[in-house]
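What follows is a set of notes on a single structure, which appears directly below.
2 protein chains.
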Amino acid sequence: MSIALRKQKILAAVIENYIATGEPIGSKALMSCEGLNVSSATIRNELADLTAQGFLRQPHTSAGRVPTQLGYRFYVDNLMKRSELEEPVKRYIENRLESSSDAPENILSSASEVASELLGTVALSTAPSGEGSRVYRIKFVRTGRHTSMLVLITSTGMVKSRLFRCDFDITPEMLNVFDRALNEKLAGRPLQSVNRAFAQTFAASFGELGLLMPDMLLAVLDACEEAGTAKVYTSGATKLLYQNELDLISAREVLEFMNDDSKRRELLSTVPDGTEILIGNENSSPHLRKCSEVVTSYSIDNKPAGSIAVIGSMRLDYSRAVSVLEYIAKVSGELIDEIISAQS
Amino acid sequence: MSIALRKQKILAAVIENYIATGEPIGSKALMSCEGLNVSSATIRNELADLTAQGFLRQPHTSAGRVPTQLGYRFYVDNLMKRSELEEPVKRYIENRLESSSDAPENILSSASEVASELLGTVALSTAPSGEGSRVYRIKFVRTGRHTSMLVLITSTGMVKSRLFRCDFDITPEMLNVFDRALNEKLAGRPLQSVNRAFAQTFAASFGELGLLMPDMLLAVLDACEEAGTAKVYTSGATKLLYQNELDLISAREVLEFMNDDSKRRELLSTVPDGTEILIGNENSSPHLRKCSEVVTSYSIDNKPAGSIAVIGSMRLDYSRAVSVLEYIAKVSGELIDEIISAQS
DNA sequence: TTTTAGCACTCAAACATCGAGAGTGCTAAC
DNA sequence: GTTAGCACTCTCGATGTTTGAGTGCTAAAA
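Protein sequence lines correspond, in order, to chains Y and B.
With the numbering used here, letter number 180 in the first sequence gets 186, and the count goes up by one each step, no holes.
With the numbering used here, letter number 96 in the second sequence gets 102, and the count goes up by one each step, no holes.
Written out as structure tokens, the structure is:
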């Protein structure tokens, strides 16, 4: 669907103006604010066309024009200019992410915070996904007579710990046995394969010793599961309440969605291979049908490993969102690469 | 300030009715719903008195009466009946808290969740406060060539872990040295005394070895600080948006407050010695001036150790909130006591 | 053929008016 | 001290009215 140049210019002007001000814009205002040397009547004709084609709509007869979902789509695909981020902003992002302590999880948690701050809306991020990541090493730390802590280190540099408790005294010797047995069987195994079924055959293979292990094994399963399912970080959820395109009901709907961990995870479960923009009902979840999502991915070792996203009303500064997210993703990936190489 | 019995009865009826329905109540409705055998005119007279005394107010001339902050106060202090919790609810609370894994933090995180669920409003809880808790043991786990994890076990049964990274190879021998040195100096020390100043003298006492330790020491400080400052858990923040006593602006204000970690911590920093109810501007924070807070404490080893609270509009079911919170606190304390005795 | 000026038209938002209903305070009688 | 009765006040919702912004259409100009 190609549109004459002037129409495109007008469409871009309407959308950018609307994104900036939140107000519908009419032919007269458009005339003054653009490099178009045509009268308002001419613009009106073009607006009528654009409206007929479904790119714009009028909230009511005597209001200006507002972009439709289709309009945003066209804008994002054809009209939007990518802008380079200002140096100070880049510097700020770097600082914020570097000061997270040395765990990938912290970096991504900071990533969502920074994104939310800079873009003024909700931001989400996932820790490196468990997909393809493996058990690297498991260690035990005795924390008390009946309690102990298990430390799982994955091939993607994540470290998860879990406490467990047994009815009997946990001796250092016992932990040594656990340690040897577990690492022998688990090192190198894909996290996802460490499931309930595996635990059973594993315990069985130990005969009577296996009977002592259920609490420990549960902790292992737990840790592997947590490390294997990418955790989702959310920041700035309350900012939704300031988006006056969303009424209280819609905002509540989105917030509810955000509070549901499984839904959030589902939303970010597929890591895009670049940056994606989903507008309105292009979103998979009906809760987000009035929202837009901009999502990008960061890479570890040059492979997409997790997502960073923002969600806002359809009136979102797409251009800036893309720039900010992509830069955050770039820096995050680099920092994690660094951590992993330190673990070597 | 004593009030005649009949007035008290009427006041209680107005408040309980308003808490239940959210609607102002008038003399006629009051007449039918109470065990008072007097006419609406008589009730009107009493209502007029109670209003003059500041316990009630009218939203407008032709509306019924609504409690004021003073009214709620009097109700809570003198009129409110404590009710025993139903058995199934007790059972539910126990189940939810027991299924949290074996860490005090998880129990308290669940505590706030359950409270929020049962009372339909925001709930907060603090992990056992660092006050008076000491370093019990510190352990190290090598997680990579340049990275390692430190595990701090406190006298209150908390376990905190922290990753750190050095520029040089971390050998097991080195960790052994760290381990011995740290535990010698730190075991039994109050968490709060493990601060920057301490770290400096500590590092100095090691001569050249001290130079290798800054990253590790930072991790120790970090872990002690985190273990020493009670973490605050929040649940059900979005429920505030359903309280129609709070308009969008007020709800936003409260949500903002909730998002500010330092404010939340301040709010719960003093652990009450029983249950406290703060109504309206009795709250220390002006953000909560339209809200009420019910806060109670749980005890570890018979000493108050942390708080569990709910915050809602002033129209809160105080009676139920008290029952639910106190029961949650009781169970939480017991479970934590158990964990600690398992570490012995 | 495209652009423009002019004008009648539509509609939302703001404001005013009105009646119904709820609940009151006051007064006078019990 | 209590009650019945009544006039009064105020909100709420429904129903106009006005105003202004922005439009679509038409006919003339470029």
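Just so it is clear, CB atoms sit at the ideal spot from N, CA and C, and this is done for glycine as well.
Looking at C-alpha atoms only, which residue of the options is the closest neighbour of residue i?
i	options	result
LYS145(B)	GLU123(B), LEU62(B) and ALA229(B)	ALA229(B)
ARG321(Y)	LYS13(Y), SER118(Y), SER105(Y) and ILE283(Y)	ILE283(Y)
GLY280(Y)	LEU341(Y), ASP267(Y) and VAL300(Y)	VAL300(Y)
ASP323(B)	VAL82(B), ALA243(B), ILE255(B) and SER105(B)	VAL82(B)
GLN14(B)	GLU104(B), ARG258(B), PHE61(B) and GLY312(B)	PHE61(B)
VAL183(Y)	THR240(Y), PRO134(Y), LEU218(Y) and VAL141(Y)	LEU218(Y)
ASP343(B)	LEU223(B), ASP253(B), SER329(B) and TYR304(B)	TYR304(B)
THR132(B)	ALA311(B), ASN84(B), ARG171(B) and LYS296(B)	ALA311(B)
ILE314(Y)	HIS293(Y), LEU274(Y), GLY286(Y) and ASN287(Y)	LEU274(Y)
GLY213(Y)	GLU119(Y), THR240(Y) and ALA187(Y)	ALA187(Y)
ILE159(B)	ARG171(B), ALA203(B), THR48(B) and PRO110(B)	PRO110(B)
GLY318(Y)	VAL337(Y), ALA335(Y), GLU259(Y) and ALA47(Y)	GLU259(Y)
TYR248(B)	CYS172(B), ARG195(B), THR127(B) and VAL238(B)	THR127(B)
GLU90(B)	PHE170(B), LEU331(B), LEU192(B) and LYS309(B)	LEU331(B)
LEU56(B)	CYS39(B), PHE80(B), SER45(B) and LYS34(B)	PHE80(B)
ARG195(Y)	ILE346(Y), GLU231(Y) and MET37(Y)	GLU231(Y)
SER241(Y)	VAL337(Y), SER291(Y), ASN287(Y) and LEU130(Y)	LEU130(Y)
THR74(B)	TYR239(B), SER329(B), ASN287(B) and ALA335(B)	ASN287(B)
GLY150(B)	THR162(B), SER135(B), ARG143(B) and PRO178(B)	PRO178(B)
LEU252(Y)	HIS152(Y), HIS293(Y) and SER135(Y)	HIS293(Y)
SER17(B)	TYR78(B), PHE204(B), ASP221(B) and ARG143(B)	Just to set this straight, residue 17(B) is Leu in the shown sequence, not Ser. For the residues TYR78(B), PHE204(B), ASP221(B) and ARG143(B), the minimum Cα distance to LEU17(B) belongs to TYR78(B).
On the DSSP bridge list, what partners appear for residue i?
i	result
PHE6(B)	This structure gives no information on residue 6(B), because the portion of chain B shown stretches from 7 to 350.
THR240(B)	LEU130(B)
SER313(Y)	SER303(Y)
ARG143(B)	ILE159(B)
GLU119(B)	Paired residues: none, contrary to the question.
CYS297(Y)	SER319(Y)
VAL72(B)	ARG63(B)
ARG171(Y)	THR153(Y)
LYS166(Y)	LEU158(Y)
ILE31(B)	ARG71(B)
How many Å lie between residue i and residue j at the Cα?
i	j	result
ALA54(B)	GLU29(B)	18 Å
LEU117(Y)	VAL165(Y)	The sequence as given places Ala at residue 117(Y); Leu does not occur at that position. Answer to the nearest angstrom: the Cα atoms are 19 Å apart.
GLY138(Y)	ALA327(Y)	29 Å
GLN59(Y)	ILE21(Y)	15 Å
GLU272(Y)	TYR333(B)	36 Å
ARG12(B)	LEU261(B)	40 Å
VAL226(B)	ARG168(B)	8 Å
THR4(B)	PHE263(B)	The displayed coordinates of chain B run from 7 to 350. Any statement about residue 4(B) would go beyond what the structure contains.
SER122(Y)	LYS96(Y)	15 Å
TYR24(B)	ILE31(B)	7 Å
PHE352(Y)	ASN201(Y)	Residue 352(Y) is absent from the structure shown; chain Y starts at 7 and stops at 350.
ASP307(Y)	ALA348(Y)	13 Å
VAL157(Y)	VAL147(Y)	8 Å
ASN43(Y)	ILE113(Y)	50 Å
ASN265(Y)	GLY234(B)	29 Å
LEU341(Y)	LYS296(B)	45 Å
MET7(B)	LEU125(B)	Bear in mind that a pLDDT of 44 at MET7(B), under 50, signals an unreliable position, so the number given afterwards is only what the model happens to contain. C-alpha separation (whole angstroms): 31 Å.
VAL141(B)	ARG102(Y)	31 Å
GLU92(B)	GLU119(B)	19 Å
SER154(Y)	ASN189(Y)	17 Å
ILE255(Y)	LEU246(Y)	11 Å
ALA26(Y)	ILE346(Y)	41 Å
ASN51(Y)	ASN250(Y)	30 Å
ALA193(B)	SER329(B)	39 Å
ARG71(B)	SER291(B)	28 Å
LEU223(B)	ALA203(B)	12 Å
Check whether the Cβ of residue i sits closer than 7 Å to any heavy atom of the ligand GTP, and report yes or no.
i	result
ASN51(Y)	With respect to the ligand GTP, the structure offers nothing, as it holds no ligand at all.
Q. What residues from the region 169-185 of chain Y come within 7 Å of chain B, judged by C-beta to C-beta, listed N to C?
A. Identification of residues in the region 169-185 of chain Y having a C-beta nearer than 7 Å to some C-beta of chain B yields LEU169, PHE170 and ARG171, given in sequence order.
Q | the region 48-73 of chain Y: positions lying closer than 7 Å to chain B by Cβ | A | none
Q | the region 92-103 of chain Y: positions lying closer than 7 Å to chain B by Cβ | A | none
Q: Could you list the residues in the region 143-154 of chain Y with a C-beta less than 7 Å from some C-beta on chain B, going in chain order?
A: Using a CB distance below 7 Å, the part of the region 143-154 of chain Y facing chain B consists of LYS145, VAL147, THR149, GLY150, ARG151, HIS152 and THR153, ordered along the chain.
Q: Give, in chain order, every residue of the region 238-250 of chain Y whose Cβ lies closer than 9 Å to some Cβ of chain B.
A: GLY242, ALA243, THR244, LEU247 and TYR248
Q) What are the complete alpha helix (DSSP H) segments, minimum 4 residues, inside the region 258-287 of chain Y? A) 267-273
(Q) Taking beta-carbon pairs under 9 Å, can you tell me which members of the region 252-286 of chain B lie near chain Y? (A) LEU254, ALA257, ARG258, LEU261, GLU262, MET264 and ASN265
Q: Residues of the region 336-348 of chain Y with a CB closer than 8 Å to any CB of chain B: list them in chain order, please.
A: ILE345 and ALA348
Q. Mind pulling the beta strand (DSSP E) runs of 3 or more residues that sit fully within the region 171-254 of chain B?
A. 238-241
Q.
Against chain Y, which members of the region 186-204 of chain B pass a CB distance test of less than 8 Å?
A. none
Q: Select from the region 158-169 of chain B all residues with a C-beta closer than 7 Å to any C-beta belonging to chain Y, and list them in chain order.
A: ILE159, VAL165, SER167 and LEU169
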